[in-house]
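Inspection log for the structure reproduced underneath, given as structure tokens.
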Amino acid sequence: MYFAALLARTEDGWEASDTELDDVETLSDLADLAREASPEDDTVLVLIEQEDAWFGVVRIDGEDDPRIYVSDAAAAARSSYGEILLTDELLGREPGDDGADLDSLDLDGTEEPDGDSDDEEDGGGAEAVPHSPVGDTEILDDLGVGEKELKALDAEDALSAIAEALGASEVLETVR
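This is how it looks when you write it as structure tokens:
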């Protein structure tokens, strides 16, 4: 079960709107959706959570590039919405580097382990996605949620805690 909401900062405070991510295929699509929520180029936060597994925050400030934080990259990588947030740049990979080329591997079942098989430093495949937070840990610093607090949030109640720190709990709950 997913929940996604947009929080747009206005001169009157935060405005929340429930958002449907079915038509969002890329981070660029998500950024465009967020920018539409704030015609004044104010800060917009996209809050996404998958029930008890992971949460993500995307921050859009006007035409600046999106800033992203994901609480558990490996859990997010297993979800369609999480994959949108986990860009190559965020994961520290070269664009288009999806690990080993399967056509170049000899997978006939007779391979001998080379002793380095337990070493995850090759950066290949899904194993390269860490079971830890990735992204901009200072994404909410100026809004009252510091790096330490952000990293300590549990996926179960993270969005509520963020909204409370922003003074936007009531508006978020109206779209939940």
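If you count the sequence shown from 1, you need to add 505 to reach this note's numbering.
Using N, Cα and C, we set each Cβ at its ideal position, and we do this for glycine too.
Does DSSP put residue i in a helix, a strand or coil?
i: L658; result: coil
i: G640; result: strand
i: L671; result: helix
i: D527; result: coil
i: S533; result: helix
i: E599; result: coil
i: R540; result: helix
i: V634; result: coil
i: E545; result: coil
i: D577; result: coil
i: T592; result: coil
i: S584; result: coil
To the nearest whole angstrom, what separates the beta carbons of residue i and residue j, a pair I think is in contact under 8 Å?
i: A521; j: V650; result: Wrong, their Cβ atoms sit about 16 Å apart, outside the cutoff.
i: Y586; j: I553; result: 6 Å
i: L535; j: V549; result: That pair is no contact at about 10 Å.
i: D646; j: E652; result: 7 Å
Measuring only the C-alpha atoms, how far is residue i from residue j?
i: R514; j: D547; result: 6 Å
i: A581; j: A558; result: 8 Å
i: R564; j: D523; result: 16 Å
i: A670; j: D517; result: 17 Å
i: D577; j: L538; result: 24 Å
i: G567; j: D528; result: 22 Å
i: V639; j: L648; result: 19 Å
i: S622; j: V634; result: With a pLDDT of only 44 at S622, under the threshold of 50, the placement of this residue in the model should not be trusted, and no figure is reported.
i: E556; j: P544; result: 31 Å
i: S637; j: A579; result: 7 Å
i: M506; j: S584; result: 11 Å
i: V676; j: L655; result: 20 Å
i: L591; j: A666; result: 23 Å
i: D641; j: S674; result: 23 Å
i: F560; j: L512; result: 15 Å
Would you list the one or two residues that DSSP bridges to residue i?
i: E512; result: A quick correction: the sequence has Leu, not Glu, at residue 512. Partner(s): A521 and L550.
i: R572; result: R564
i: V683; result: Because the chain is modelled from 506 through 681, residue 683 falls outside the range shown and cannot be assessed.
i: Y507; result: Q555
Would residue i be called buried (16 or more neighbouring beta carbons within 10 Å of its own) or exposed?
i: S716; result: Nothing in the structure corresponds to residue 716, since the chain is present only between 506 and 681.
i: G597; result: exposed
i: G672; result: exposed
i: E626; result: Because E626 sits at a pLDDT of 43, beneath the cut-off of 50, its placement in the model cannot be relied upon, and the point is left open.
i: A668; result: buried
i: A657; result: exposed
i: A600; result: The question names Ala, yet the displayed sequence has Pro at residue 600. P600 is exposed by the Cβ-count criterion.
Are there any heavy atoms of the ligand GTP lying less than 7 Å away from the beta-carbon of residue i, as far as the coordinates show?
i: T642; result: Within the structure as shown, the ligand GTP is missing, as the structure has no ligands at all.
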